[in-house]
Amino acid sequence: MKRFFSADDVTDLDALVQDAIDIKKSPLLKSDIGKGKTLGLVFLNSSLRTRLSTQKAAQNLGLNTIVLNAAQEAWTWEFEEGAIMNGSTVEHIKDAANVLSQYCDIIGLRCFAGLTNKEEDVSEKIFSLFEKYASVPVISLESATLHPLQSLADCITIAEHLPYDKKPKVVLTWAPHIKSIPQAVGNSFAQWMNKTDFEFVITHPKGYELDTQFSQKATIEHNQQKALQDADFVYVKNWSSFEDYGQVVPVNEDWLLTNEKLEVTNNAKIMHCLPVRRNVEVSDEVLDSENSLIYEQANNRTFAAQVILEKIVKGNEKA
Amino acid sequence: MKRFFSADDVTDLDALVQDAIDIKKSPLLKSDIGKGKTLGLVFLNSSLRTRLSTQKAAQNLGLNTIVLNAAQEAWTWEFEEGAIMNGSTVEHIKDAANVLSQYCDIIGLRCFAGLTNKEEDVSEKIFSLFEKYASVPVISLESATLHPLQSLADCITIAEHLPYDKKPKVVLTWAPHIKSIPQAVGNSFAQWMNKTDFEFVITHPKGYELDTQFSQKATIEHNQQKALQDADFVYVKNWSSFEDYGQVVPVNEDWLLTNEKLEVTNNAKIMHCLPVRRNVEVSDEVLDSENSLIYEQANNRTFAAQVILEKIVKGNEKA
Amino acid sequence: MKRFFSADDVTDLDALVQDAIDIKKSPLLKSDIGKGKTLGLVFLNSSLRTRLSTQKAAQNLGLNTIVLNAAQEAWTWEFEEGAIMNGSTVEHIKDAANVLSQYCDIIGLRCFAGLTNKEEDVSEKIFSLFEKYASVPVISLESATLHPLQSLADCITIAEHLPYDKKPKVVLTWAPHIKSIPQAVGNSFAQWMNKTDFEFVITHPKGYELDTQFSQKATIEHNQQKALQDADFVYVKNWSSFEDYGQVVPVNEDWLLTNEKLEVTNNAKIMHCLPVRRNVEVSDEVLDSENSLIYEQANNRTFAAQVILEKIVKGNEKA
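Residue numbers (the numbering used here), protein chains in the order written: chain P, 1 to 319; chain G, 320 to 638; chain S, 639 to 957.
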């Protein structure tokens with residue numbers, strides 16, 4: 001494996017999930033595989049789960065880790081090719097990526113969507129530039145449009161809770177929020193679900209359609225209750241409008257997920273990537289119920305990261 | 320040992336101090352005990368000594384360490400149960416504690432007193448909530464009312480300088496400061512001294528009484544010179560008013576500790592937890608004198624942390 | 639080796655460079671030499687290359703590393719001896735240096751020039767105070783006047799590209815910038831070049847003379863084109879005025895380095911310490927040309943740090 005940016009970098013999802021579940025059983029089995037190698041974790045944005053789970057995964061593999069909060073600890077990056085750098089940016093991403101590649105054998109990069117320039121976000125301007133100039137494998141710690149380590153952890157979590165006797169119905173439901181939030185987690189979950197044979201439904205208010213390159217063949221249902229009918233897994237997440245890019249488009253109906261709304265499901269398991277705005281996106285009763293998988297998802301972040309890091313350290317192996 | 324929050328988590332103080340002194344002689348003797356385990360150090364506030372000494376102690380035990388400056392590197396925490404999170408807080412402490420427990424085998428938490436809501440501080444609202452929702456042992460890196468790793472280091476330092484032929488007299492003296500400072504170090508030192516058979520005196524201006532749950536049986540003497548008479552150890556520290564909560568109540572007398580004031584002592588050793596406002600709390604001549612133990616205290620922070628981490632890694636052993 | 643602050647701490651530059659080149663061939667050969675020892679990296683200023691390369695070097699030697707962003711993560715330092723600390727500074731550098739020495743076997747310190755008080759910067763006030771009060775070896779991660787790890791990496795890079803049949807001509811050329819930048823890299827490169835038998839020329843506009851204690855015997859040529867004639871290596875760097883201390887003195891001529899200007903050189907290799915203001919200091923075409931050594935310099939930072947750390951760990955060995 002040479003990079004990890006999207007579901008498209010995975011050739012056999014079932015095998016990858018199974019590998020991660022095997023690692024979870026014996027996380028220290030290959031604790032020398034990374035010896036003498038260094039993983040750089042570069043954050044342009046805040047992070048709790050990604051920051052800790054990826055460090056933990058690296059430690060399990062014997063990889064040295066160096067964490068860099070790029071803007072605060074180093075220098076503000078310039079992203080324009082050919083820029084005359086007489087403004088507030090101090091180092092070109094071209095130089096940063098090249099230099100970081102001198103010290104690291106693998107680099108993880110977090111670069112959220114700016115949500116102001118749709119074209120730049122959709123084209124993954126920052127991640128692409130960084131990867132272009134890096135000379136070592138780059139893994140996404142969430143980029144403008146996708147969050148693959150989260151989605152892989154979500155797939156692991158679903159695999160651990162599959163119903164015995166049926167193909168599961170998985171529903172991704174939009175949730176309210178007070179701020180403008182990237183589409184990355186929603187896009188990414190949709191992209192990975194579209195790689196499975198699960199029944200996959202996305203429900204959201206009109207105006208909150210995801211980019212169709214990620215929602216693809218998913219059923220879109222604007223009526224939340226109808227969508228939730230017989231669901232086995234309900235994934236809750238807010239995102240801002242893709243069409244009216246980055247905007248919080250007013251919604252009249254009540255989209256807060258509650259136990260009452262979940263009554264129509266097949267005793268569905270509840271998922272959220274966290275952090276969650278409690279009682280704005282989902283009610284406490286749902287998040288703290290026995291059906292909530294939110295902390296298992298967080299736990300599986302370690303094994304998602306570890307299986308990817310292992311394959312990248314090994315280099316040639318497919319994922 | 321399952322937690323470390325206060326002197327009350329220690330059953331045999333003398334034995335604990337002796338264990339720490341033994342570790343100091345051979346700090347790398349058990350350098351494999353933490354192998355494959357991870358210590359998370361979570362800071363809601365600044366830290367120098369605690370940050371470094373605890374990392375050093377963990378390294379001596381072979382524990383992996385992950386440091387998180389929670390608000391700057393991750394998300395601002397919500398502390399109200401049942402909150403509708405439509406404000407500036409991004410992640411509930413309930414979720415943060417649960418999630419951090421997925422990646423860490425032990426968590427250290429620093430959460431200073433806010434000094435605005437006495438009831439919340441006295442009830443240790445933040446530390447208690449975190450510990451309630453964490454599923455792994457939590458150790459205090461200074462909470463609202465106590466600083467147990469500092470106090471244990473102080474006990475080690477005193478043990479290393481005990482007079483041969485007498486029970487020592489230990490004086491905790493209040494010192495001036497320009498800002499509103501928590502009572503945690505003062506409370507904590509009092510709590511630990513009250514576990515010994517030392518003669519223990521607290522001296523402070525009227526209005527600066529500590530919470531009696533910590534000062535307990537200590538002799539309170541408002542005349543600093545009288546308190547210092549024949550002292551073997553003088554611990555200097557500022558704290559804001561507990562009664563007039565968090566306020567810097569005006570003081571007319573001169574409480575700056577100087578060599579002249581120390582003349583009445585039994586050639587007392589001088590202690591301070593640092594950082595110290597030089598020539599405001601204590602004069603340079605005192606801090607830099609041969610009798611000053613301030614850097615030995617700092618050094619002993621490592622062995623205080625190490626003895627506690629060792630007992631927590633071992634799990635069932637009492638402290 | 640007991641400290642590393644300047645070229646004057648090096649007795650045999652050729653041997654040191656050769657040792658670094660040997661380490662580069664087998665960086666993990668002595669991966670146990672630092673076992674049980676701790677390197678503290680203390681930053682008062684931003685850092686990318688120094689931060690990562692020194693951590694990488696330490697990992698290669700089995701040294702534990704603790705990174706501290708002093709002002710953000712700990713406390714603001716007081717630098718005045720005898721200060722009555724009733725202002726905004728929280729901890730005296732005397733106490734910080736002493737305390738850090740309790741936890742670290744070696745300390746690296748970055749403390750840029752403030753560029754407002756010439757006397758303080760020239761006297762290396764901060765680095766000197768820190769070293770005075772530290773009880774372990776201190777290495778400079780760039781101080782007010784010098785950047786020795788950068789210069790050593792530069793010497794390694796030049797050694798790897800020496801012309802076969804002649805003594806090289808090395809030119810340090812001033813470059814434009816929009817901000818007030820320390821002289822440290824320029825000073826330091828000059829100081830190290832003056833330790834070689836290379837032909838060494840410094841070119842800059844009038845008013846940008848470096849401190850003569852560092853420029854020493856170097857040829858000063860105010861005409862950039864004349865200076866560049868037949869150069870084998872061109873080192874580009876901005877610095878603010880030393881005479882009109884810290885000021886950006888207006889320059890009428892065009893000092894931006896371009897391929898056209900380089901035509902008079904002996905197909906010169908191009909060097910810059912980074913970060914670089916592209917198309918302000920140097921044009922993209924120069925930085926991205928085949929002759930550019932900028933990423934090799936960055937890579938060699940690791941081996942410069944590693945050779946120094948190794949000699950300091952060994953203690954008595956000369957450098």
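Positions of the beta carbon are idealized from the N, C-alpha and C atoms, including for glycine. Since the model is a prediction, treat every value here as computed from it, not as a measurement.
- Taking 8 Å as the cut-off, the beta carbon of W558/G is found no closer than this to the beta carbon of P524/G.
- If only uninterrupted beta strand (DSSP E) runs of at least 3 residues are considered, those enclosed by the region 546-609 of chain G are 552-556 and 588-590.
- For the region 721-733 of chain S, the residues whose beta carbon sits under 7 Å from a beta carbon of chain G are, in order, A721, I722, M723, N724, V728, E729, H730 and D733.
- In this structure, L575/G lies near S602/G, with their beta-carbon atoms less than 8 Å apart.
- Here Y554/G is actually not in contact with F517/G; their C-beta atoms are around 11 Å apart, not less than 8 Å.
- Burial state of V455/G is buried, judged by a 10 Å Cβ sphere holding 16 or more other Cβ atoms.
- For I385/G, the three-state secondary structure derived from DSSP is strand.
- With distances taken between CA atoms, D14/P lies nearest to L162/P out of I93/P, E221/P, S88/P and L162/P.
- For the C-beta of S46/P, the chain G residues within less than 9 Å are, from N- to C-terminus, Q391, E392, A393, W394 and V409.
- In this structure, the straight-line span from the alpha carbon of P168/P to that of L387/G is close to 38 Å.
- Burial check for T754/S: the Cβ neighbour count within 10 Å stays below 16, so the residue is exposed.
- Sequence-distant partners of K125/P (beyond 5 residues in either direction) whose C-beta falls short of 7 Å from its own C-beta, in its chain, are F79.
- In the structure shown, the three-state DSSP call for R748/S is strand.
- Residue pairing by DSSP places I840/S opposite L810/S and I858/S in a beta bridge.
- The beta-bridge partner set that DSSP reports for V776/S consists of I745/S.
- Per DSSP, the unbroken beta strand (DSSP E) holding L39/P starts and ends at T38 to F43.
- Apart from sequence neighbours up to five positions away, the residues of its chain that approach K413/G with a beta-carbon distance below 6 Å are Y452, ordered along the chain.
- In the assembly as shown, L287/P is a buried residue. Its beta-carbon has 16 or more other beta-carbons within 10 Å.
- S766/S and K817/S have their C-alpha atoms spaced approximately 26 Å apart.
- Sixteen is the threshold: when 16 or more other Cβ atoms of the shown chains lie within 10 Å of the Cβ of D440/G, as they do, the residue is buried.
- For L162/P, no chain G residue has a Cβ inside 7 Å of its Cβ, as the nearest lies near 21 Å away.
- Secondary structure at E757/S: helix, using DSSP grouped into helix, strand and coil.
- In chain S, no part has a C-beta under 9 Å from the C-beta of Q59/P; the shortest such distance is about 13 Å.
- Chain order gives the chain S residues near L347/G as G674, where near means a beta carbon separation below 7 Å.
- When C-beta atoms of the region 34-43 of chain P are compared with those of the region 52-63 of chain P, three or more pairs fall below 8 Å, so the two segments count as touching.
- F838/S is a Cβ neighbour of V808/S, given a cutoff of 8 Å.
- Listed in chain order, the non-local C-beta contacts of L471/G below 6 Å within the same chain comprise A623, local neighbours out to five positions each way being set aside.
- With contacts defined as CB atoms closer than 8 Å, T54/P and G108/P qualify as a contacting pair.
- Annotation for A97/P: F130, Y133 and A134 place their beta carbon closer than 7 Å to its own, counting only its chain and skipping 5 residues before and after.
- Each of Q862/S, P814/S, S879/S and F871/S was checked against the Cα of G845/S, and the nearest Cα belongs to S879/S.
- Here the C-alpha atom of R641/S lies approximately 55 Å from the C-alpha atom of M271/P.
- Close CB contacts of K662/S within its chain, under the 7 Å cut and outside five residues either way in sequence, are with F941 (chain order).
- Contact with chain P is absent for I777/S, since none of that chain's Cβ atoms lies less than 8 Å from the residue's Cβ.
- Excluding sequence positions up to five before and after K855/S, its CB lies within less than 7 Å of the CB of N832, all in the same chain and listed in chain order.
- I777/S places its beta carbon less than 8 Å from that of I946/S.
- C-alpha of A869/S to C-alpha of E847/S: approximately 20 Å in a straight line.
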